[in-house]
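The numbers in the working numbering rise by one with no breaks, and the one at position 165 of the sequence shown is 166. We put the beta carbon where it would ideally sit given N, CA and C, even for glycine. One structure is given here, and the rest of the page talks about it.
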Amino acid sequence: LTENYKKISLFAYKNSRSSNFELLFTSGSFNQMLIRAQYLKKFEEQKAKQAEQIRRRRNELDEIQIDLRQSLNRNQVVLQEIQSEKEILNGQRSQQKQTVETIRSQRSDLVAELTKSRQQKEALQNAFTDLIAEAERIQELENERLIKLARAREIADENIRNREVAKYSKSLVRDAAVSNEMLLDNERMFAAAKGTLPWPVNSKTVSKNFGRTRNPVYGTVTEYLGINIVTDPAASVKVVSDGYVSQISPISGFGDVVFVKHGSYYTAYGNLSRIDVQKNQVLNAGDRIGLSGVAQSPLGENLLFVVRHKDYQNPLNWLQK
């Protein structure tokens, strides 16, 4: 027994089995101890193998956990980006809504402005139409008077002739100073001065041009029959050529407008804050018509200037460059 114990002790010490003494010492023989030792070795190997597997699995789990944390961080970043994009989209949606409202408001303002512009154009056109029709009527009456005057001068009876000549010698529809000869001279003078006419005010700054203007956004077209010239408030307005005042009319959007006839040519001066002339008054170039607009005038501190001969002309083609 002592010998068996020595062998077992020596084997256990040499083979690092001292932790299994209780199993080895209880062996009935050395051979049984060897068998037990063999099984214990296999158990330790299996145990070590399982421990290695557990370590690998733990490492794998650690890596998976790291991946999960990284994925979570990435997801949080993505969520933050999505939230930021959502806030941006909400802001863009709000901005788009505001833009739509602004466009609607601008469109309403544009429609109102377009309607106003057309009404102003129509009012000015109607004023010119009535003016020209009246001028033609006056010219017809004047022509009839001259024919009757010529016939009266051919009457043989002196008393009747003198009476009829006196009757038709004076125009009943025109001022005595306004004659066909004067109108013809005015027309020739005006036509010859194209491109050299003086500006009606002491300014050459145009705030609104003649002709058609197209809105770049909505494509609407407005037409302006003259030009607006920027002036000092209540600046002196002078007639650009010889003529006579054929009409003074208030026109919607243009205030008081003075129409001057230069033979078959017409000029119009609108948005006046004061008028210094009367209908049928004969004017020489440079005579003052009145004062230009002020802040309270329909067009503000501007002068409306229009040129017409058969149709509306671009005033800039007639004024000094």
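Asked                                                                                                                         : Found
Rounded Cβ spacing between K280 and I249 (contact assumed at less than 8 angstroms)                                           : 6 angstroms
Residues that V240 bridges to, as DSSP identifies them                                                                        : In the DSSP output, where bridge partners are listed per residue, V240 has none listed.
Nearest-angstrom Cβ-Cβ length linking V202 and Y245, presumed shorter than 8 angstroms                                        : Not confirmed; about 21 angstroms, so no contact.
Inside the stretch 185–213 only - beta strand (DSSP E) runs reaching at least 3 residues                                      : 207–209
Cβ separation of G294 and G256, assumed to be a contact under 8 angstroms, to the nearest whole Å                             : 7 angstroms
Three CB pairs or more closer than 8 angstroms across the stretch 233–243 and the stretch 124–137                             : no
Nearest-angstrom Cα separation, counted from Q77 out to S19                                                                   : Below a pLDDT of 50, predicted positions are generally treated as unreliable, and S19, at 49, falls in that range; no measurement from the model is reported.
Neighbourhood of V166 by C-beta distance below 7 angstroms, restricted to the same chain and skipping five residues each side : L150, A153, R154
Whole-Å CB distance - E196 paired with F211, under 8 angstroms assumed                                                        : Per the sequence shown, the amino acid found at residue 196 is Gly instead of Glu. Between F211 and G196 the Cβ distance is about 15 angstroms, and since that is not below 8 angstroms, they are no contact.
Opposing strand residues paired with I228 [DSSP bridges]                                                                      : F306
Same chain only: Cβ atoms within 8 angstroms of A124, ignoring 5 sequence neighbours per side                                 : I252, S253, G254, F255
Cβ pair T206, L304 closer than 8 angstroms                                                                                    : no
D312 vs L284 beta-carbon contact at 8 angstroms                                                                               : no
Burial state of T268, where buried means 16 or more other Cβ atoms lie within 10 Å                                            : buried
Proximity winner among R56, R189, I156, K122, relative to S265 (alpha-carbon distances)                                       : R189
Beta-carbon gap between L1 and G287 smaller than 8 angstroms                                                                  : Lying outside 2 to 322, the shown extent of the chain, residue 1 is not represented and no answer is given.
Separation of K262 from R289, as counted between CA atoms                                                                     : 15 angstroms
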